[in-house]
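Presented below is the structure to which this report refers.
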Amino acid sequence: MTRQTVIAYWLIPSEPALSFFQRTINDLAHQFDAPIFQPHVTIHVGADRADAAKNAIRDAARECKLIGLTPLGIDQSDEFTKTLFVQFAMSAELRKTNDIIRQAANDSSQYELKPHLSLLYKNLAAPTRRELAASINVPLFEVTFDAIKAVRCISPAESGADVKAWHVVAAASLSDDRV
0 MTRQTVIAYW
10 LIPSEPALSF
20 FQRTINDLAH
30 QFDAPIFQPH
40 VTIHVGADRA
50 DAAKNAIRDA
60 ARECKLIGLT
70 PLGIDQSDEF
80 TKTLFVQFAM
90 SAELRKTNDI
100 IRQAANDSSQ
110 YELKPHLSLL
120 YKNLAAPTRR
130 ELAASINVPL
140 FEVTFDAIKA
150 VRCISPAESG
160 ADVKAWHVVA
170 AASLSDDRV
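Under numbering that gives the first Met the number 0, read the sequence shown as residues 0 to 178, first letter to last.
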């Protein structure tokens with residue numbers, strides 16, 4: 000697979016989920032000598048165009064409200080960026096946000112939205128991944144996301160150095176329509 004520079008669009012969880020996930024990521028990173036990263040759900044990956052990314056983030060922040068996602072459980076894979084992750088149920092709000100970003104970024108990328116929040120980036124043996132997945136419990140019935148970011152990165156990320164090179168090019172808060 001060809002590696003290229005892309006813009007990844009992330010949803011960032013609000014408290015208390017943000018602290019729970021960051022603590023889990025930090026603990027696993029220290030345990031397995033893996034990179035530390037900000038908890039996020041990738042909602043789109045597209046072309047490396049910072050101007051389009053800024054427009055997409057602005058439009059999404061203006062049109063989208065807080066997004067609540069339901070965790071389905073912990074899963075694992077042999078993919079570096081999905082070593083260990085929380086799988087979320089799809090929601091109408093998430094699809095809407097994905098559509099807004101795709102349109103605002105004028106991006107025809109074929110990114111397939113499968114909402115998940117990674118907890119560990121590390122190449123590990125399957126038995127270790129399965130044991131870890133079984134040992135983690137997400138104590139939340141719903142996770143609220145209140146911010147969105149556009150991050151320049153190498154795709155696919157294959158190492159801690161790739162993760163450390165990530166760079167935020169735009170960010171915004173999502174509004175709370177309960178005010």
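Note that the Cβ used here is the ideal one computed from N, Cα and C, for glycine as well.
Three-state secondary structure (DSSP) of residue i
| i | result |
| --- | --- |
| V137 | coil |
| T1 | coil |
| T143 | strand |
| F87 | strand |
| P70 | strand |
| H115 | strand |
Span separating the alpha-carbon of residue i from that of residue j
| i | j | result |
| --- | --- | --- |
| R22 | P38 | 10 Å |
| K64 | A91 | 12 Å |
| R101 | F144 | 19 Å |
| P70 | A169 | 27 Å |
| L27 | D47 | 30 Å |
| D32 | K121 | 8 Å |
Of the listed residues the options, nearest to residue i (C-alpha basis)
| i | options | result |
| --- | --- | --- |
| A55 | K95, A160, F79 | K95 |
| E78 | F31, G67, S117, A88 | S117 |
| V183 | T4, G67, H29 | The structure shown does not extend to residue 183, since the chain is modelled only from 0 through 178, so no value can be given for it. |
| V162 | Y8, R151, H29 | R151 |
| K148 | H166, G159, T1, I135 | H166 |
Identified DSSP bridge partners for residue i
| i | result |
| --- | --- |
| G45 | I6 |
| P12 | F144 |
| H166 | R151 |
*Does the pairing of the region 117-130 with the region 55-64 give three or more beta-carbon distances under 8 Å?*
No, the region 117-130 is not in contact with the region 55-64.
_Cβ contact (3+ pairs, closer than 8 Å) linking the region 40-55 and the region 15-29_ = Contact fails: fewer than three Cβ-Cβ distances are below 8 Å.
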